[in-house]
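Below is one structure; the comments refer to it alone.
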Amino acid sequence: MLLTARDHEFRFPRPALLMGVVNVTPDSFFDGGRHASTEAAVEHSLRLVEQGADILDVGGESTRPGAAPVPEAEELRRVIPVIRSLAGRVRVPISVDTMKPGVAEAALEAGASLVNDVAAHRGDDSLWRAVARHRAGYVVMHMQGEPATMQAAPAYRDVVGEIDRFFLERLDRLGACGVALGQVILDPGIGFGKETGHNLELLRRLGAFRHHGRPLLVGLSRKSLVGRVTGASDPSQRLSGSLAGAVWARAQGASVIRAHDVAETRQALAMVEAILGSEME
Ligand code: PT1
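Residue numbers (numbering that gives the first Met the number 0): 0 to 280.
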């Protein structure tokens, strides 16, 4: 299995890719405001690369439950200078965490190699056509509803089946827009319009999504799921639970782990990789 993102190529099975979170936001749930300036975000990114990040995921709009939408001009102002600066300084691929076609396109122009689209595209096809044109990587993430209201009353008859069909539908439409299968990563969207039971079932049955033959991404770092399970109401107290979740996800076949705590997650994943050997993808 191959993943291509512009001039980057990853061949699986291989150790899981660690995607480090770079929030250029004042209001992210864990580190909001800590890296809100371009300089702070770039410094933080360079530290994540030193700690072993394989991908940097730069975002300018919080998608935590209840987060308010950010106007496009403001999102551009936050992320584009960071991406432009990083593109000249790091060898790892840069991902842009955005739902907006205009931001995705500007980020690709500025040197990003992947688009991490938590809305998995709901408007016209312009975002997908930009991904196709740049041969960029693309994360299809599942979300029920939208961040402002997604946790109001999430409901599924069969959470794994519904998300599996969602992946098939998006893969089909992506192909029609010229995005090759080899560019796509699938993500069940932990915490995006899901109750605790839904999130736990998705993690328990993650292997059910492997038949698509695409890398699976899991992001649960410091999310409220970890708080619910462990009783840690403050995100700053959720590191150990987040590491346990990352280890589980990797062992069930996740190929990309999205995390805030790169050094710690790198060490936890090193144990799983050693135990698995190179048998898994
Ligand atoms: C994710 C992800 C993301 N998560 C991808 N991109 C966030 N591909 C942002 C909570 O319940 O999992 N995959 N980009 C962060 N979003 C959330 C969601 C943050 C839920 C917090 C919660 O606490």
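C-beta atoms are modelled at their ideal positions from N, C-alpha and C, and glycine is treated no differently.
Asked                                                                                                                                                                                   : Found
So, with DSSP's three-state summary, where would you put residue 191?                                                                                                                   : coil
Could you please give the first and the last residue of the uninterrupted alpha helix (DSSP H) stretch that includes residue 133?                                                       : 125-133
Which word fits residue 279, buried or exposed, when buried means at least 16 other C-beta atoms lie within 10 angstroms of its C-beta?                                                 : The predicted model places residue 279 with a pLDDT of 46, which falls under 50 and marks its position as unreliable; any figure quoted below should be read in that light. So residue 279 ends up on the buried side.
Tell whether a beta-carbon distance below 7 Å holds between residue 216 and residue 171.                                                                                                : no
If we call anything under 7 Å between Cβ atoms a contact, is residue 272 one with residue 12?                                                                                           : no
Looking at residue 112: is its Cβ nearer than 7 Å to the Cβ of residue 129?                                                                                                             : no
Measuring CB to CB, does residue 47 end up less than 7 Å from residue 19?                                                                                                               : yes
If I follow the unbroken beta strand (DSSP E) through residue 264, where does it start and stop?                                                                                        : Not the beta strand (DSSP E): residue 264 falls in the alpha helix (DSSP H), residues 261-275.
Kindly list the residues whose CB is nearer than 6 Å to the CB of residue 84, restricted to its own chain and excluding five residues on each side of it in sequence; keep chain order. : 41
On the DSSP bridge list, what partners appear for residue 167?                                                                                                                          : Residue 167 pairs with nothing; no bridge assigned.
Which residue from 26, 54 and 30 puts its Cα closest to that of residue 2?                                                                                                              : 54
Is the segment 54-64 touching the segment 97-114, taking contact as three or more C-beta pairs under 8 Å?                                                                               : yes
Does DSSP classify residue 208 as helix, strand or coil?                                                                                                                                : helix
On the DSSP letters alone, give me the boundaries of the alpha helix (DSSP H) that residue 283 sits inside.                                                                             : Since the displayed the chain opens at 0 and closes at 280, residue 283 lies outside it and no answer follows.
Compare the beta carbon distance of residue 119 and residue 149 with 7 Å and say whether it is the shorter of the two.                                                                  : no
When every heavy atom of the ligand PT1 is checked, does at least one fall within less than 6 Å of the C-beta of residue 257?                                                           : yes
Can you check which of these residues, 176, 151, 193 and 168, is closest to residue 158 by C-alpha distance?                                                                            : 193
Would you say the beta carbon of residue 229 is closer than 6 Å to some non-hydrogen atom of the ligand PT1?                                                                            : no
So who's on the other strand from residue 9, going by DSSP bridges?                                                                                                                     : 2
Within 10 Å of its beta-carbon, does residue 25 have 16 or more other beta-carbons around it, so buried, or fewer, so exposed?                                                          : exposed
Looking only at its own chain, which residues have a Cβ that is under 6 Å from the Cβ of residue 94, when we skip the five neighbours before and after it?                              : 54, 56, 113 and 115
State yes or no: is the C-beta of residue 100 within less than 7 Å of the C-beta of residue 61?                                                                                         : no
Are residue 255 and residue 214 close, meaning C-beta to C-beta below 7 Å?                                                                                                              : yes
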